[in-house]
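Undergrad: Here it is: the structure, laid out below.
Numbering (full-length UniProt numbering), first residue to last: 1 to 244.
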């Protein structure tokens, strides 16, 4: 898989979590108090996927290099509440989305700011150029990245991605497929990270959350990376953010 070192994205974050025997890292990204308003001075939510109560969590904001201790501009915060979608289905990978409320509000800085989200129900066209970012494995079975990586993944529309020789009925209209060229993809450790898509005016929206890929390998042909479609969960997001 080809990935390139990415520039620091101020809305990207990563979750460090541990059990008794293991430590893992997955991605997330941060939200303002009020969805769709990005120029906020304080925020305290981030997206993630498949959290478990058996883990101990820390959310790191403003990171670019995982190996750099006390990296300039970065902070670590504990969650106060983790809200998993009530219809999350771990077996069929449905409704793979959760919100983390941080234990304290965070200020906008040169290294940290919230993401902008698409409008409710918005669907990207086939071939739309989007970028996945994260600190996942550099290739199948390879090492975890130290520096945040990025990869260009053109969107694959639902009519194509749901064909039997692609993902078939494993994907739904509440998901986004991107990539599938057999060369570039997300990989293990990228889960929860953002699918970043640029608008005509140059601004960026986060349309997806890395959910799953092929068990045959991170960059398997006709098995694009699959993302939770953020615009399909607008009502749930708003309900959670006004309830906690």
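Every residue gets a Cβ at the ideal spot worked out from N, C-alpha and C, and that includes glycine.
#1: Evaluate contact between the stretch 104-112 and the stretch 63-74, counting only Cβ atoms and requiring at least three cross-stretch pairs below 8 Å.
#2: Comparing the C-beta of residue 92 with each C-beta of chain C, is any distance below 7 Å?
#3: Beta-carbon separation of residue 120 and residue 231 under 7 Å?
#4: Taking Cβ positions, are residue 107 and residue 133 nearer each other than 7 Å?
#5: When you compare only the Cα positions, how much space is there between residue 135 and residue 194?
#6: Could you tell me whether the Cβ atoms of residue 69 and residue 84 are closer together than 7 Å?
#7: Would residue 96 and residue 228 be called neighbours here (beta carbons separated by less than 7 Å)?
#8: Quick one: using the 10 Å Cβ neighbour count with 16 as the cut-off for buried, is residue 178 buried or exposed?
#9: Could you pull out every residue in the same chain whose Cβ sits closer than 8 Å to the Cβ of residue 186, ignoring the five residues on either side in sequence?
#10: Out of 170, 243, 235, 242, which one is the CA nearest neighbour of residue 117?
#11: My output table needs one value for residue 35: the three-state DSSP class, helix, strand or coil.
#12: Within the continuous alpha helix (DSSP H) that includes residue 240, where are the two ends?
#13: As a quick exercise: from 205, 207, 64, pick the residue whose alpha carbon is nearest that of residue 246.
#14: From residue 101 to residue 174, what does the alpha carbon distance come to, in whole angstroms?
#15: Measure the CB-CB distance between residue 165 and residue 222 and report whether it falls below 7 Å.
#16: How would you write the range of the alpha helix (DSSP H) that residue 218 sits in, first residue to last?
TA: A quick look at the data gives this:
#1: Taking 8 Å as the limit for Cβ pairs, the verdict is that the stretch 63-74 does touch the stretch 104-112.
#2: Although the question refers to chain C, the structure presented lacks it and comprises just one protein chain.
#3: Between residue 120 and residue 231, the C-beta spacing is below 7 Å.
#4: Contact check for residue 107 against residue 133 fails: the beta carbons are separated by 7 Å or more.
#5: Near 11 Å, if we compare the C-alpha coordinates of residue 194 and residue 135.
#6: No, Cβ-Cβ distance for residue 69 and residue 84 is not below 7 Å.
#7: Going by C-beta atoms, residue 96 is nearer than 7 Å to residue 228.
#8: Buried, by the Cβ-count rule.
#9: Around residue 186, the same chain offers 132, 134, 136, 151, 153, 179, 193, 210, 213, 218, 225 as residues with beta carbons nearer than 8 Å, after the five sequence neighbours per side are excluded.
#10: Taking only the C-alpha atoms, the option nearest residue 117 is 235.
#11: Note on residue 35: pLDDT 31, under 50, position unreliable in the model; no value is reported.
#12: Run containing residue 240: 234-243, per the alpha helix (DSSP H) assignment.
#13: In this structure the chain extends from 1 to 244, so residue 246 is not present and cannot be described.
#14: Rounded to whole angstroms, residue 101 to residue 174 spans 23 Å at the Cα level.
#15: Contact flag set, yes.
#16: Neither: residue 218 is in no alpha helix (DSSP H) and is coded neither H nor E.
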